[in-house]
Amino acid sequence: MDCIGIVGFGRMGSAAAESYINAGYKVYGWNRSLEKVDKVYGVEKITRLKDLPSKCSLIMVFVSDDDASAQVLYGKDGLFSGSSSDTVILNASTISPIHSKLAYDISHELNINYLHTPIMGGPKTLVEMRSLILVDGDKNLFKLVEGDLKIISRERLYLGPPPTASVVKLILNSIAFTNAEILSEVISLAEAWDVNLDKLYEAASKTWLKCIFDKYMRRILSEDYPSSFRMRLAAKDLFYTTASGYYKDIHMPIISMVSQLYLHASSLGYSEDDYSRIFKIFKRK
Ligand SMILES: NC(=O)c1ccc[n+]([C@@H]2O[C@H](COP(=O)([O-])OP(=O)(O)OC[C@H]3O[C@@H](n4cnc5c(N)ncnc54)[C@H](OP(=O)(O)O)[C@@H]3O)[C@@H](O)[C@H]2O)c1
Numbered sequence: 013m014d015c016i017g018i019v020g021f022g023r024m025g026s027a028a029a030e031s032y033i034n035a036g037y038k039v040y041g042w043n044r045s046l047e048k049v050d051k052v053y054g055v056e057k058i059t060r061l062k063d064l065p066s067k068c069s070l071i072m073v074f075v076s077d078d079d080a081s082a083q084v085l086y087g088k089d090g091l092f093s094g095s096s097s098d099t100v101i102l103n104a105s106t107i108s109p110i111h112s113k114l115a116y117d118i119s120h121e122l123n124i125n126y127l128h129t130p131i132m133g134g135p136k137t138l139v140e141m142r143s144l145i146l147v148d149g150d151k152n153l154f155k156l157v158e159g160d161l162k163i164i165s166r167e168r169l170y171l172g173p174p175p176t177a178s179v180v181k182l183i184l185n186s187i188a189f190t191n192a193e194i195l196s197e198v199i200s201l202a203e204a205w206d207v208n209l210d211k212l213y214e215a216a217s218k219t220w221l222k223c224i225f226d227k228y229m230r231r232i233l234s235e236d237y238p239s240s241f242r243m244r245l246a247a248k249d250l251f252y253t254t255a256s257g258y259y260k261d262i263h264m265p266i267i268s269m270v271s272q273l274y275l276h277a278s279s280l281g282y283s284e285d286d287y288s289r290i291f292k293i294f295k296r297k
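In the numbering used here, the protein residues as written are 13 to 297.
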């Protein structure tokens with residue numbers, strides 16, 4: 013396709029819009045706070061969400077959570093209300109399995125082509141075509157749009173029926189956020205015992221734990237790490253993981269505690285900061 017509609021101009025949606033503009037697509041955009049659309053040069057702003065499907069048949073959604081996703085998909089004057097049988101909606105938001113299934117059910121009832129396509133990787137990886145896109149739902153529909161997804165990814169992985177992509181995405185994110193939290197605890201401990209952090213890294217790097225230190229140590233210790241993934245969204249993903257456990261009678265004591273720690277950090281004023289600021293709640297004054 014040569015055009016795309018982007019819904020949600022936060023960090024991810026703005027980066028995706030920029031990538032599609034750079035790839036020569038005509039990009040139409042809508043955001044709840046409309047002025048954010050103007051920040052990405054070249055995007056044509058659409059003021060009413062339900063008009064977007066008439067501008068371009070391919071639409072990608074990048075919003076915060078289940079509530080935001082429900083509102084933009086099947087809320088009043090949402091995307092579904094303006095869609096036709098030509099429309100293809102790809103939801104790249106990280107959402108819960110319950111909402112994922114509901115969105116699929118409603119789209120089927122309305123005969124709307126819809127896929128959940130959550131993304132592993134942040135805004136920078138979209139622009140650099142390095143993200144991994146997880147996909148579930150109709151495999152033929154996926155094959156139809158895979159070429160368009162290549163603009164923002166290095167790999168696309170089809171996982172099966174819904175809500176597999178949601179479950180896999182939440183599992184992987186929960187492991188990542190829990191590692192960032194554990195590393196924050198132990199770096200604080202090391203500092204309290206006057207351990208040279210270079211030596212700590214050197215020791216870790218001689219073991220399989222190297223990848224965790226490589227991923228998070230500098231990010232945690234950097235005082236001015238730019239906010240790439242908001243603390244509050246990390247708390248949301250962990251919360252959705254534990255909520256998913258509830259529906260299947262799986263208890264997740266560690267993940268639910270880590271979820272509370274991210275929520276605690278959000279309530280302390282780090283809500284908009286990068287999730288690696290979780291370190292701040294352990295750092296000794
Ligand atoms: N950032 C990352 O590294 C990353 C990586 C992978 C996946 N994700 C996932 O991708 C999604 C977007 O993340 P992001 O980092 O771009 O988030 P973000 O910067 O916080 O942007 C959130 C977007 O959601 C919109 N939104 C929130 N509530 C809404 C509502 N009720 N109705 C309509 N729009 C609403 C916001 O609109 P306003 O501007 O009007 O508030 C904004 O456009 C999330 O599900 C996140 O978990 C993020």
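Built from N, CA and C at the ideal position, the CB exists for glycine as well.
Note that this is a predicted model, so its numbers are computed, not measured.
- About 18 Å separates the beta carbons of serine 112 and leucine 144, which is beyond the 8 Å limit, so they are not a contact pair.
- Rounded to whole angstroms, the Cβ separation of serine 178 and proline 130 is 7 Å, and the two are in contact under 8 Å.
- DSSP places leucine 273 in no beta strand (DSSP E) but in the uninterrupted alpha helix (DSSP H) bounded by 265-277.
- In the DSSP secondary-structure assignment, asparagine 125 is bridged to Val100.
- At the C-beta level, serine 186 and phenylalanine 294 stay beyond 8 Å of one another.
- With a contact defined as Cβ atoms closer than 8 Å, isoleucine 33 and glycine 20 miss out at about 16 Å.
- The three-state secondary structure of cysteine 68, taken from DSSP, is coil.
- Counting along the chain, tyrosine 213 sits inside the alpha helix (DSSP H) bounded by residues 209-216.
- Counting the other Cβ atoms within 10 Å of the Cβ of lysine 155 gives fewer than 16, which makes it exposed.
- Assigned with DSSP and collapsed to three states, methionine 141 falls in coil, not helix or strand.
- Sequence-distant partners of serine 26 (beyond 5 residues in either direction) whose C-beta falls short of 6 Å from its own C-beta, in its chain, are Val52.
- With a cutoff of 8 Å on beta-carbon distance, tyrosine 170 and valine 147 are scored as near each other.
- Bounds of the alpha helix (DSSP H) holding tyrosine 259 are 243-259.
- No Cβ-Cβ contact shorter than 8 Å links alanine 104 with methionine 229.
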